[in-house]
Structure formats: C-alpha cells, structure tokens
Amino acid sequence: MTPDDWFDILCSPRADARIPDPKPLSDAEIATALDVFAIPEPDRIPLAATLPDPRRTPRLWEALLDCRRTLFTTPGAVRWPNAPAELGEAGRYFYAHLCFLSLSHALTLREARAIPDEVTRATFADLGSKLTTYRLAHGIGGFDRQTWIIRHLRGTLHRLGRLQFELRTYDSPSWGAQGAPAGGPGEDEPVLDVHIAEDGPLTTAACDASVAAARPFFARHHPEHPAAFATCHSWLLDPALGNHLKPHANIVSFQRRFTLHGDSPVCDEDVLEFVFHTRPGTTSTAALPRDNTLQRVLLDQLDRGGHWHLRRGWLRLP
2 MTPDDWFDIL CSPRADARIP DPKPLSDAEI ATALDVFAIP EPDRIPLAAT
52 LPDPRRTPRL WEALLDCRRT LFTTPGAVRW PNAPAELGEA GRYFYAHLCF
102 LSLSHALTLR EARAIPDEVT RATFADLGSK LTTYRLAHGI GGFDRQTWII
152 RHLRGTLHRL GRLQFELRTY DSPSWGAQGA PAGGPGEDEP VLDVHIAEDG
202 PLTTAACDAS VAAARPFFAR HHPEHPAAFA TCHSWLLDPA LGNHLKPHAN
252 IVSFQRRFTL HGDSPVCDED VLEFVFHTRP GTTSTAALPR DNTLQRVLLD
302 QLDRGGHWHL RRGWLRLP
C-alpha cells in the first residue's frame, strides 16, 4: 500500500463533523496524555516528537482529524490499516497520536457517566501496554492495535481490577452457533464481554473481585445496558489447555467460570502473539522461549502438529 492509498482510505468518505476539531496539543496536554495513557519511557520522546501538526505535517494532521471524527461519530468497526513503512516513525505512532488527540473528548464522555478516575486510568493504560508489546515484537517503537483501542476511547470498555469488560450483545452468528445457549444469554441480549489484560497473574481472587464488581458498575454507569451475563472469546478457554495444566492452575480456574458455546476456530497465531510477542504471521516455534509451564505446554502442542482453538463461553454475573 502506498502512502497515497493509505491517506485515501482514512480520509474518504469524509467523516461526520458533528464534534469540533481540536487544535494541536500544547506541551501540558502532551504531558497529561503521556501520563494518562501510561506511555513507557522508551516511547515517550519519539511519540511526542512525531505528533503531527497542521503546519509541519498537514496531510497527517488532516488524516488524524478525519479518524477522530470517525471514532466519535460513526459507530461500529473501523477500517484503518497500518501506515505504510515509508511514513517511518510518524506512521508507526499514528494511531497512538490519534489517542492523544482524542483524549479530551474521551474524558468528557467518561465524565458524563461519572466514571471514576481510577477506572479511566486503568483502562487507558492499555495503550502503554500495547506499545510495550509492539516493541517486544518488532524491536522498534510503534502501535498497531487501532481497531482494539477504539473501545477505550468511545467509552464502551472499562477495566475493573484484573479484567476488562466491554458493552456487547449476544449474537449467535458471531459465535458460530445455531442459536442462543440454553440457560445463557438470549439473542440480542446485552452482555459484558470479558477481556484479559496482559499484565499480572490471572489469580482466582483477582478475577472474583472483577466479576463481582462488573454488574453494579455497569448498572450505575451504563443503566441502558442491563447485562445479566458475561461472555468471553479466548484461546484461554480451550479445554485442551486445561488438560495440560494442574487442576489448581489460575487458567484452569478461569476456564471453570464459563460454559462453552459456539464454534472453535484455530488461533495459533493469536497464541504466539499474546504469549511470545511474535510478529503477525509467525509460525516457527524453534526460537521461542520455554521458560515456564504455559510456554512449554503451548509450544509442545504446536510441535506435535496440534493446534490451539478460540473458544467462546458465558457466565451469569453475580
């Protein structure tokens, strides 16, 4: 993809302009964004130094404005490909720059719902986490999880302790299912989709606290979304993984919370990216570390010609 092609995708069709465009960020606003998004030390200077502005980099600046309009005025998924290599460091950080430029409006949305500051900071720190994993995978700074971070900025995802919860509805086709699960969420019923942040152990106590906090939190701050069930789509729910771990392992305890439902597509690449921070498309396991039980179990399965599968499950919220 050429830079011209990339700019055309971001800027056409023109997004709704119902929200006012921001001005270039001041030094104080940049410092606030670095703090709120928990930007790691190796990324702080290059990310700030490559921020587009209308005078020096007008085309990048206009692309940022168009993406910001789309982010806040057009619901649903976004079609934002990674920047071409020709754009260098500014391209690799482009979607992190979008987060910076969107912070003020994102905070306004959260303040309107009285979201506690500690929840906002815990949620937005995911950008810093993803910058770290990008550097581990590529050896340089950048950010390529733009289709993921839109949830945080739009205010549809919140981190409550160990787990993240996203506003969703149950939809059989997306589960690869023929219908809703017996005893579980009904078709088009509001649910909270559980995501597992990459930091820290997945302890039973921490997960208990997160699950217990979810329903009252969303009842207070998102009363229009009365969810009685949580759902999860993850390779961590693959029963084959639990079969190779001790019964009291944290992952096994997490699996037991959910009733499985739907299809089980292969997701080997997702496993390698999440656990080993490999680049997309990596298939060779020869050079990957086997320093702990989880790493050894995952790689041994692949080395035997087996696969890991994305599983989907639900639980009733307390």
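The sequence shown runs 2 to 319 under this note's numbering. Here a beta-carbon is modelled for each residue, glycine too, at the ideal position from N, C-alpha and C. The model shown is predicted, which means the values in this text are computed figures rather than measured ones.
Contact annotation: Ala97 and Phe144 have beta-carbon atoms nearer than 8 Å. Ala250 sits in coil when the DSSP states are folded into three classes, being neither helix nor strand.
Between Arg163 and Cys233 a beta carbon distance of about 13 Å is seen, past the 8 Å cut, so the two are scored as non-contacting. For secondary structure counted as the alpha helix (DSSP H) over 4 or more consecutive residues, the segment 266-298 holds these complete runs in sequence order: 269-277. For the pair Leu99 and Ala220, the Cα-to-Cα distance works out to about 30 Å. In the assembly as shown, Ala29 is an exposed residue. Its beta-carbon has fewer than 16 other beta-carbons within 10 Å. Annotated three-state conformation of Gly314 is strand, per DSSP. Spanning the alpha carbons of Ala78 and Thr148 requires a straight line of approximately 7 Å. Straight-line measurement puts the Cα of Arg56 at about 13 Å from the Cα of Leu26.
For the pair Asp36 and Gln179, the Cα-to-Cα distance works out to about 46 Å. Assignment of beta-bridge partners to Leu158 by DSSP yields Glu167. In the three-state reduction of the DSSP assignment, Val212 falls in the helix class, which pools H, G and I. Pairing Leu261 with Arg313 gives a Cβ-Cβ distance under 8 Å.
Remark: fewer than three beta-carbon pairs, one from each stretch, lie closer than 8 Å, so the segment 273-290 and the segment 247-265 are not flagged as touching.
One Cα belongs to Glu87, the other to Pro43, and the distance between them is close to 22 Å. Nearest to Ile31 by C-alpha distance, out of Cys68, Ala64, Pro76, Ser103, is Ser103.
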